[in-house]
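There are 2 protein chains.
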Amino acid sequence: MLCYNITGMRTQDTNAFQSHDHAACSSDALAEAERLCTQKGARLTPVRRRTLEILLEGHRALGAYEVLERLSAEGYGHQPPVAYRALDFLVDQGLVHRIRRLNAFAACVHPGEAHAPVFLICRSCDAVAEAPGQLIRAAAEEAAHALGFEIERLNVEALGLCPTCKGAP
Amino acid sequence: MLCYNITGMRTQDTNAFQSHDHAACSSDALAEAERLCTQKGARLTPVRRRTLEILLEGHRALGAYEVLERLSAEGYGHQPPVAYRALDFLVDQGLVHRIRRLNAFAACVHPGEAHAPVFLICRSCDAVAEAPGQLIRAAAEEAAHALGFEIERLNVEALGLCPTCKGAP
DNA sequence: CACCCCGATGTTATGTTATAATATCACCGG
DNA sequence: CCGGTGATATTATAACATAACATCGGGGTG
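For the protein sequence lines, the chains are A and B, in the order given. Numbered according to my numbering, the first sequence spans residues 805 to 973. Numbered according to my numbering, the second sequence spans residues 805 to 973.
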C-alpha cells in the first residue's frame with residue numbers, strides 16, 4: 805500500500821504529531837486491517853471492527869474501560885471481557901498495540917508492514933506516535949546476544965514531549 | 805566503583821544470567837545505594853533500605869504486593885502504600901527499575917553508573933537482566949528527533965529466553 | 001432435516017495492581 | 001516548647017484484568 809494524503813506525504817510516513825488527513829489515515833488503516841484479516845482467515849467481527857474504529861479515531865491510547873464504555877453505549881456487551889477480548893484479538897493480529905506505560909491500547913497506523921515500533925508518548929497531551937525502530941531492534945538483538953539471550957518480543961516506549969506541547973507547555 | 809567477584813569479572817559486567825558471587829553483587833549494590841543517597845541528601849530509611857534488600861535477594865522482579873507481604877511480615881505497615889512509597893522512592897533514586905511488562909520491580913545492580921538499561925526478561929524463569937543500552941538510547945533519540953519529539957524517559961523491555969532456559973525449555 | 005461442533009459473544013464474580021485522602025509520628029531548628 | 005517538615009501508617013476505593021460458565025448462531029455431517 806502506498807497512498808497520499810492532502811499534504812502529499814506517504815501515509816506510512818505520517819504520524820500522530822503531524823497534521824494530516826486523518827479521515828484518510830484511519831480509513832486506510834481499517835481497509836488494510838480488513839484485507840489482512842481476510843488473508844489470514846481471521847474474522848473481523850462487528851465488535852472487533854468497531855473497537856478498531858474507536859481506537860483509530862485519534863492517535864491516542866485508550867484504556868480498556870474507555871473502549872468498553874463506548875462499546876456498551878453502542879449496544880455491545882457491558883462487561884470488561886467484551887473489551888479485553890476484542891483488544892486481545894486486535895493485538896494478536898498486529899492491528900493494535902498495547903502501551904504498557906499507560907495501561908492502554910492504540911491502533912496501529914500501518915499494520916502488516918514489517919515494523920518494530922517505538923512508541924513516543926507525549927506526557928502532556930497523551931498522543932502516541934509510532935517511530936520506526938529497526939535500528940533499535942538490531943541494537944537490542946546485539947546487546948541480548950552478547951548475554952546469550954534470545955529476544956522474542958521487544959517493547960520500546962519513550963515518554964516525553966511532542967513537538968506541539970514542547971512549544972506550548 | 806570497580807570491584808571483582810570470585811570469577812574475576814567486574815561487577816558491572818555481571819548479570820542475572822551468569823553465575824556469580826551474588827552475596828557480593830547485592831552487598832555492593834546496597835553499599836553503592838547508600839553512598840548515592842548520602843551524596844544526594846536522600847534518606848535511605850529502614851523501610852526503603854529493607855525494600856531494596858528484598859529486591860536484591862535475587863535477579864527477579866517482584867510485584868508490589870509481594871514486597872508488601874515481606875515488609876509487613878517483618879513488622880512494617882500492612883497496606884499497599886507502604887510498599888508503593890518505598891518502591892517509588894527507590895525508582896526515583898535510580899536504585900530500582902520498574903518492569904512494566906510484569907507489573908513489577910527489580911533492583912538495579914549497578915546504580916549510579918550512567919546507563920540506559922535494556923531489560924531482558926526470561927519468560928520461562930522470570931529472571932530479569934539489564935543489558936547496556938547506550939546504542940539503543942542513541943537510536944531512539946534519533947528516531948524521535950526526526951519527528952520533533954523530545955525523549956525524557958525511555959523504557960526498553962525484551963521478552964524471551966535466557967541462556968539457561970534456552971538450553972532446557 | 002436434525003444434530004453437533006465450534007467460535008464468538010455475553011454475564012457473573014473475583015482477582016490484581018495502584019492511588020487518593022487523611023491521620024500520625026519523629027525529628028530538627030527556632 | 002512549639003511549629004514545620006518529611007516519613008510512615010491506615011482506610012477506602014479506583015483502575016485494570018481474568019476465570020469460569022452460559023448462550024447463541026452458522027456450517028458441516030449423518
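Even for Gly, the Cβ is constructed at its ideal location relative to N, Cα and C.
Among the options, the one whose alpha carbon lies nearest that of residue i
i	options	result
A/V895	A/A962, A/H882 and A/P915	A/P915
A/A933	A/V886, A/F909, A/A947 and A/E870	A/F909
B/Y869	B/E857, B/R853 and B/Y888	B/Y888
B/A835	B/Q822, B/C929, B/L856 and B/S823	B/L856
B/H949	A/L924, A/G881 and A/R853	A/L924
B/E961	A/S823, A/V922, A/H882 and A/Q883	A/V922
B/L939	B/A920, B/N819 and B/L840	B/A920
A/L860	A/A837, A/R927, A/K844 and A/P884	A/A837
A/R927	A/V886, A/A865 and A/Q822	A/A865
B/T984	B/H901, B/G971, B/E917 and B/Q897	Because chain B is modelled from 805 through 973, residue 984 of chain B falls outside the range shown and cannot be assessed.
B/N819	A/T818, A/L951, A/G971 and A/V851	A/L951
A/I858	A/G845, A/Q822, A/C912 and A/C969	A/C912
B/P885	B/Q822, B/L899 and B/R852	B/R852
Element boundaries [alpha helix (DSSP H), containing residue i]
i	result
B/R889	P884 to D896
B/V871	A868 to A877
A/L899	That residue, A/L899, is in no alpha helix (DSSP H); it is neither H nor E in DSSP.
A/R847	Taken as a continuous stretch (DSSP letters only), A/R847 belongs to no alpha helix (DSSP H), as it is neither H nor E.
A/C912	A/C912 -> no alpha helix (DSSP H), and no H or E assigned at all.
A/G881	Taken as a continuous stretch (DSSP letters only), A/G881 belongs to no alpha helix (DSSP H), as it is neither H nor E.
Span of the beta strand (DSSP E), counted from its first residue to its last, around residue i
i	result
B/R941	No beta strand (DSSP E) holds B/R941; the alpha helix (DSSP H) holding it covers Q938 to A950.
A/G971	Premise fails: A/G971 lies in the alpha helix (DSSP H), P967 to G971, not in any beta strand (DSSP E).
A/C926	V922 to C926
Interface residues of chain A facing residue i [CB-CB closer than 9 Å]
i	result
B/E956	R927, A962, L963, G964 and L965
Environment of residue i [buried if 16+ CB atoms lie within 10 Å]
i	result
B/Y808	Interpretation of B/Y808 is limited by its pLDDT of 33, a score under 50 that renders its predicted location unreliable; the figure taken from the coordinates is listed afterwards. Looking at its Cβ environment, which holds fewer than 16 other Cβ atoms inside 10 Å, B/Y808 is exposed.
A/R814	For A/R814, the predicted model reports a pLDDT of 43, less than 50, meaning its position is unreliable and no value from the coordinates is stated.
A/N907	exposed
B/R847	exposed
A/A918	exposed
A/H882	exposed
Within chain B, the residues that residue i reaches when beta carbons sit closer than 9 Å
i	result
A/K844	Residues of chain B passing the Cβ test: none, with the nearest at roughly 23 Å.
A/R889	Simply none; closest approach about 21 Å.
Chain-ordered neighbours of residue i on chain B, where CB pairs are closer than 8 Å
i	result
A/L939	A943, E946 and A947
A/V922	A944, A947 and A948
Proximal residues of chain B, C-beta to C-beta of residue i below 7 Å
i	result
A/R905	R904 and N959
### Task
Please determine if the segment 874-881 of chain B and the segment 961-972 of chain A are in contact, where contact requires at least 3 C-beta pairs separated by less than 8 Å.
Fewer than three Cβ pairs drawn from the segment 874-881 of chain B and the segment 961-972 of chain A lie within less than 8 Å of each other, which leaves the two stretches out of contact.
### Task
Decide yes or no for the touch test of the segment 942-957 of chain B against the segment 922-941 of chain A: beta carbon pairs closer than 8 Å, at least 3 of them.
Flag = yes, the segment 942-957 of chain B and the segment 922-941 of chain A touch.
### Message
I want to know whether the segment 826-842 of chain B touches the segment 952-961 of chain A - three or more CB-CB distances under 8 Å.
### Response
Not touching, per the Cβ criterion.
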